[in-house]
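What follows is a short report on a single structure.
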Amino acid sequence: MGSQASHSRRRFRTAGVLSVAVLAVVGLVATACSSSDSGSSSVVKAAWIYVGPTNDGGWTQAHDNGRKFAETELGSGVKTTYKENVKEAEVAPVIEDLVKDGNTIIFATSYGYAEPMAAAAAKYPNVKFEQATGDLITAGKTTPANYAEYWGAGEDTLYLSGVAAGKATKNNKIGIEAPFAIPEIIRHINAFVLGAQSVNPAATAKVVWTNDWFNPTAEKQAAESLVSAGVDVIFSHQDSPSAGEVAKANNLPWVGYDSDQSGAYSSVWLTTATYNWGPRYLSRINAVNDKTWKSDNYYGTIADGFTTLATFGTLVSADTKTLIEAELTKAKNAGATSFGWYWGLSDREDQTGAVKIKKGQTLSQKDLYEMNWFVKGVDGTLKN
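Printed below as a string of structure tokens:
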């Protein structure tokens, strides 16, 4: 089910942990390996749990690059390990094993791990449990003091990715393949489609569910079904670049997810949202080391460097780049707590024509975490 970390498995440049944005954010966190009160250096044992393989070319590889980043920065001050390919229904015993192995902070990186992580936190108060993409705290559920959640406004960079897609489509039919009909994915799809419609009001999107986070075969089949349905741009909200293979074979513009695939798929690449996980991991391990760790509900933004856009492909015109970069700059300058500027630019209707967001309205993190409707122009159901 799992393996110890391998330091030579990077095959793609994923999610920007080497980016300037990451290095800038790192300046905000303390240097590791500080001396304890007794004058000796402490070593933090940190573990990660991954839903896919570390070389998936997307979500898991981005997190693992974040782990490597923290490991490089902290040197002998940290000992890291990970378990990969852990199914959400099978995570509880993996957590138990990592606790028994002496890890003092555990990062879990898939949505379905949240409940078992919170349960383990209640059982092991001396261990810190960090849940990526979790929504328990935002939902107001009672969680232990040693449990935290972290995520960010990927919908904002997906909105900008949608602008590129809206400019690229010629027949106004964009195909989207996605894993599960949960609020996280729904808000991402809505933001992407609104971005496309901001520059191309006639743009529509057909959604196909794969019912899995990482399943290259299912992802490829979903992409092929979208091609058969007549789409001329593909957005894959999945953990592997399998849809890129289909896009390449059919010469269709492609927006990926999590990973900068501009090199491997240069002939069809547009851009996508990427995430800088390294600074979060570094700061939280440091907090364990210097005993300042506290539970939080972090939601990163474009402004604080957590999320950004991947490299633009050659299919993105100069004018489109200028347009997107201007919006990106505005978001960067808006402040670290500012996100989702586009939701209230006009009345936002759902698939039935009902107004769900009024012009001028802003959405809170809780609003985003509860989104369970598709915007007008989306052809798809809210059931997997």
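In terms of the working numbering, the sequence shown opens at residue 4 and continues consecutively.
Backbone N, C-alpha and C fix where the C-beta goes; we use that ideal spot for every residue, glycine too.
Every value quoted in this text rests on a predicted model; they were computed, and no experiment measured them.
{"Asked": "Run through DSSP, which three-state label would THR220 get?", "Found": "helix"}
{"Asked": "If I follow the unbroken beta strand (DSSP E) through GLN364, where does it start and stop?", "Found": "Element bounds for GLN364: n/a, residue is neither H nor E."}
{"Asked": "Since PRO96 and ALA124 should fall inside the 8 Å C-beta cutoff, what is the C-beta to C-beta distance between them, to a whole number of angstroms?", "Found": "The Cβ separation is near 16 Å, so there is no contact."}
{"Asked": "Per DSSP, what kind of secondary structure is SER38 in: helix, strand or coil?", "Found": "The predicted position of SER38 is uncertain, since its pLDDT is 33 and thus under 50; no value can be drawn from it."}
{"Asked": "Only counting the same chain, and skipping five residues up and downstream in sequence, which positions put a Cβ closer than 7 Å to that of GLU248?", "Found": "LYS223"}
{"Asked": "Fully enclosed by the region 226 to 312, which beta strand (DSSP E) runs are 3 residues long or longer?", "Found": "236 to 239, 276 to 278, 300 to 303 and 310 to 312"}
{"Asked": "Hey, would you say TYR153 sits closer than 8 Å to ARG283, going by beta carbons?", "Found": "yes"}
{"Asked": "Within the same chain, show all residues whose beta-carbon is closer than 8 Å to that of SER341, passing over the 5 residues directly before and after it, in chain order.", "Found": "THR304, ALA306 and ALA334"}
{"Asked": "Pull up the DSSP beta-bridge partners for TRP51, would you.", "Found": "TYR85 and PHE110"}
{"Asked": "Apart from the five residues on each side of it in sequence, which residues of its chain come closer than 6 Å, Cβ to Cβ, to LEU26?", "Found": "Bear in mind that the predicted position of LEU26 carries a pLDDT of just 36, short of 50, making it unreliable; the figure below should be weighed with that in mind. Nothing meets the Cβ criterion."}
{"Asked": "Grab me the residues of THR365's own chain with a C-beta within less than 8 Å of its C-beta, minus the 5 sequence neighbours each way, in chain order.", "Found": "GLY343, TRP346 and GLY347"}
{"Asked": "Could you tell me the boundaries of the alpha helix (DSSP H) in which TRP62 lies?", "Found": "62 to 77"}
{"Asked": "State buried or exposed for GLU158, treating a residue as buried only when at least 16 other CB atoms are found within 10 Å of its CB.", "Found": "buried"}
{"Asked": "In this structure, how does DSSP classify VAL378 when only helix, strand and coil are distinguished?", "Found": "strand"}
{"Asked": "Mapping DSSP to helix, strand and coil, what is GLY178?", "Found": "strand"}
{"Asked": "Closest to ILE108 by CA distance: which of THR323, SER286 and ALA337 is it?", "Found": "SER286"}
{"Asked": "Flag this pair as touching only if the region 161 to 175 and the region 251 to 261 have three or more C-beta atom pairs under 8 Å; answer yes or no.", "Found": "yes"}
{"Asked": "Buried or exposed: ASN292, going by 16 or more other Cβ atoms within 10 Å of its Cβ?", "Found": "buried"}
{"Asked": "Could you name the residues of the same chain whose beta carbon sits closer than 8 Å to that of ALA205, not counting the 5 residues immediately before and after it, in chain order?", "Found": "ASN175"}
{"Asked": "If the criterion is Cβ atoms closer than 8 Å, does the pair LYS251 and TYR268 meet it?", "Found": "yes"}
{"Asked": "On the CB-based measure, 16 or more other CB atoms within 10 Å of its CB, does SER320 come out buried or exposed?", "Found": "exposed"}
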